[in-house]
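Position 141 of the sequence shown, counting from 1, maps to 141 under this note's numbering, and the rest follow consecutively. Following: one structure in C-alpha cells, then a few remarks.
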Amino acid sequence: MSFLSRDNAKQAEEPALEIAAGARLIPRITIQAFCEHSQTAQLVESAVHDRRMSKVALTTHNGGLDGAVETYKSNPTPNLIIVETSLQPEQIPDALERLAEVCDASTRLIVLGHVNDVLLYRELIRSGVSEYIVLPASAQSIVSAISELFAAEGAAPIGRTIGFVSAKGGSGGSTVAHNVAWAVSQALRQDTLILDLDFAFGTAGLNFNQDPPHGIADAVGSNAKLDQTMLDRLASKAANHVNLLTAPVVLDRTFDFEEREFEQIVELSQKSTPVVILDIPHIWSAWVRHTIATIDEVIIVAEPDLANLRNAKNLSDTIKALRPAESEPLLVINKVGMPRRPEIAAAEFASSVECRLLGQIGFDAATFGTAANNGQMIAEVAANNRANEVFRAIGMHVTGRNAPEKSASRKPGLKLPSFMKKRA
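Below is the structure:
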C-alpha cells in the first residue's frame, strides 16, 4: 500500500503537471485506488502532483477489483474508488456488482480498463460508473475526471451538514457534537469541520485544546468576500481529519445575526469538506431557525427529565414543521443513570417526543470531566469507554455510511452505490 498527500508529494522526483492558474481545486476527499499493475499504480500516484489535487488524500493498493471487494468487506469506503481491471467487457459488470454490494451508497467509481469498447463504456456509464478510462492514459486525464466529478461548476456538494442542539442548557449537545465529529473522522478517515456557532460561550476550542487566532467570527465578518480559500485559512486543524471554526467567546459585544447569516458559510463548507458538524447554541432566533431548516440532519440532545422532555418535544414538533420534506430530527439521550436522580425511561422519552432514539450515553462524570479539563475527546481519555461506540454509531448513521464491521453481503433493501443503480 502507498499513501500520498500533497505534503510528501512535493519531495517526489516527478515534476508537477502544469495546470492553468484558474483550475478549481478538488475538495478534501479521500481516494483509494486498486491497481493490477505497478505502472498503473505509479500513474495514479503521479496525479497527486497536480495542483488541483492539493487537498486530496490518495492511497494506492494492489489487487484490482478483487482487492477492492476484499478490502471493503471490513472497511469503510472513501469518497472515490479507482479500480483497474483486465477483465473482458462481458465480465466487468458482474464484477462491479460484487464491489457495489460492499460499498456505501455515496461512493463514486472510476474504472481503468484495457479494452477500448464503446458499448462497454456506454453500459458502465448507464450503470452509474462515473468514468471509464482506457489505459494507457495520462495522469492529467485521471485528474480531469476527478475534477469533473467534484470540482466542476454545478457539482453536487460532497459534504453532509449535521446540526446538534441541546434541549436544555447543559444537556451536553456540544460534547456529543465534538465527540461524534471525532468518531466520524477516525472511523471514515475523512475530513470533518466543526462550526461552533455559540459566539459567546462556545467550547469547541476548549474541548480540542485549541486557541486559534481566527475562527467563525472572521468568516461571518468577511461574508461579502468569503470564498473557499479564505475559509480554509480561517479554519484551524485540531487533529488528523478534524478542523475547527471556533467561536470568539467574548462578552464585550452582542451578536445579532440576520436570518441567512450563516448560509454562505455552510454552503462553502459542504462544498469542500465531507462532514460538517454544526454546534448550535441553546437559543431560539431567526438565524437558528433558518439554519436548522436548511441542513441535512438535526440531532436533539436531551437529559432524561421532564424539562428536557418538554423542550425536546417542542423542538421536534417545530423542526418537523420547518422541514416537512426533509429527514425528521433524531434524539440522543445523555447523562443516563445519574445517581439519585429520578429519570424518564429512554423508550418512554422517545415515544413522547415522537423522535427516533439514536443512542443513549451513560452518566460518567469522571471520564467526561477529565476529557473536558484536558481538552481531549472521550476516545483519547478512555478508548474502551462504551460512549465511544455510541458516538461512532451516531456518526455512521447521520453520515449515511456503513460501519467498518459490515458484512460481505448487504441485507435486503439497502441502497446500492450509484455505480450499479441501473442493475440493482
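No residue lacks a Cβ here, since even glycine has one placed at the ideal position from N, Cα and C. Just so you know, these numbers come straight off a predicted model, no measurement behind them.
C-alpha distance - residue 263 paired with residue 226, whole-angstrom precision: On the sequence shown, position 263 is the one that residue 263 refers to. On the sequence shown, position 226 is the one that residue 226 refers to. One C-alpha to the other measures close to 12 angstroms.
Extent of the continuous alpha helix (DSSP H) to which residue 353 belongs: Mapped onto the sequence shown, residue 353 falls at position 353. From DSSP, the alpha helix (DSSP H) with residue 353 extends over 346–353.
DSSP three-state assignment for residue 297, whether helix, strand or coil: Sequence index remark: in the sequence shown, residue 297 carries index 297 (1-based). Here residue 297 sits in strand by DSSP.
Start-to-end residues for the beta strand (DSSP E) that takes in residue 62: Taking the sequence shown and counting its residues from 1, the one referred to as residue 62 is at position 62. Run containing residue 62: 57–62, per the beta strand (DSSP E) assignment.
For residue 331 and residue 296, the rounded distance between their alpha carbons: Here residue 296 refers to the residue found at position 296 when the sequence shown is read from its first residue. Here residue 331 refers to the residue found at position 331 when the sequence shown is read from its first residue. Approximately 15 angstroms, taken between the alpha carbons.
Start-to-end residues for the beta strand (DSSP E) that takes in residue 105: To locate residue 105, count along the sequence shown from 1; it is residue 105. Note, residue 105: premise wrong, no beta strand (DSSP E); not H, not E.
Bridge-paired residues (DSSP) for residue 244: Numbered from 1 along the sequence shown, position 244 holds the residue referred to as residue 244. Partner(s): 194, 236.
Residue nearest to residue 212 in terms of C-alpha spacing, selected from 327, 392, 334, 236: Reading the sequence shown from its first residue, position 212 is the one you call residue 212. Of the listed residues, the one whose Cα sits closest to residue 212 is 236.
Assigned exposure category for residue 287 - 16 Cβ within 10 Å defines buried: The sequence position of residue 287 within the sequence shown is 287, counting from 1. Buried, since its Cβ has 16 or more Cβ neighbours within 10 Å.
Residues near residue 354 in its chain [Cβ-Cβ closer than 7 angstroms; skip 5 each side]: In the sequence shown, the residue the question calls residue 354 occupies position 354. Same-chain partners within the cutoff: 316.
Endpoints, beta strand (DSSP E) assigned at residue 166: The residue given as residue 166 occupies position 166 in the sequence shown. 160–166 is the span of the beta strand (DSSP E), which, as asked, contains residue 166.
Continuous beta strand (DSSP E) assignments of at least 3 residues falling wholly in the segment 63–97: 80–85
One or two residues paired with residue 121 in a DSSP bridge: As a working note, residue 121 is residue 121 in the sequence shown. Answer is none; residue 121 lacks a bridge partner.
Sub-8 angstroms separation of residue 158 and residue 274 beta-carbons: Within the sequence shown, the letter at position 158 stands for residue 158. Within the sequence shown, the letter at position 274 stands for residue 274. Yes, these two residues count as a Cβ contact at 8 angstroms.
Alpha carbon of residue 320 to alpha carbon of residue 142, nearest angstrom: On the sequence shown, residue 320 is found 320 positions in, with the first residue counted as 1. On the sequence shown, residue 142 is found 142 positions in, with the first residue counted as 1. For residue 320 and residue 142, the distance between alpha carbons rounds to 43 angstroms.
Beta carbon of residue 378 nearer than 8 angstroms to that of residue 371: What you label residue 378 is simply residue 378 of the sequence shown in a count that begins at 1. What you label residue 371 is simply residue 371 of the sequence shown in a count that begins at 1. Taking 8 angstroms as the Cβ cut-off, residue 378 and residue 371 qualify as a contacting pair.
Reduced DSSP secondary structure (H/G/I, E/B, other) of residue 40: Counted from its first residue, the sequence shown places residue 40 at position 40. Here residue 40 sits in helix by DSSP.
For residue 340, the three-state DSSP class (helix, strand or coil): Your numbering for residue 340 matches position 340 in the sequence shown. Residue 340 falls in the coil class under three-state DSSP.
Which of helix, strand or coil DSSP assigns to residue 399: Taking the sequence shown and counting its residues from 1, the one referred to as residue 399 is at position 399. Coil.
N- and C-terminal bounds of the alpha helix (DSSP H) containing residue 139: As a working note, residue 139 is residue 139 in the sequence shown. Counting along the chain, the alpha helix (DSSP H) containing residue 139 begins and ends at 139–150.
Separation of residue 344 from residue 337, as counted between CA atoms: Residue mapping note: residue 337 aligns to position 337 of the sequence shown, counting from 1. Residue mapping note: residue 344 aligns to position 344 of the sequence shown, counting from 1. Cα to Cα, residue 337 sits roughly 10 angstroms from residue 344.
Cα-Cα separation between residue 356 and residue 265, rounded to whole angstroms: Walking along the sequence shown from the start, residue 356 turns up at place 356. Walking along the sequence shown from the start, residue 265 turns up at place 265. Looking at the two C-alpha atoms, the distance is approximately 29 angstroms.
Same chain only: Cβ atoms within 7 angstroms of residue 55, ignoring 5 sequence neighbours per side: On the sequence shown, residue 55 is found 55 positions in, with the first residue counted as 1. Excluding residues within five positions, the ones whose Cβ falls inside 7 angstroms are 25, 26, 27, 28.
Counted within 10 angstroms of its Cβ, other Cβ atoms place residue 182 as buried (16 or more) or exposed: On the sequence shown, residue 182 is found 182 positions in, with the first residue counted as 1. The residue is buried, with at least 16 neighbouring Cβ atoms inside 10 Å.
Beta-carbon separation (whole angstroms), residue 246 vs residue 216, contact threshold 8 angstroms: Counted from its first residue, the sequence shown places residue 246 at position 246. Counted from its first residue, the sequence shown places residue 216 at position 216. With 8 angstroms as the limit, residue 246 and residue 216 qualify as a contact, their Cβ atoms being about 7 angstroms apart.
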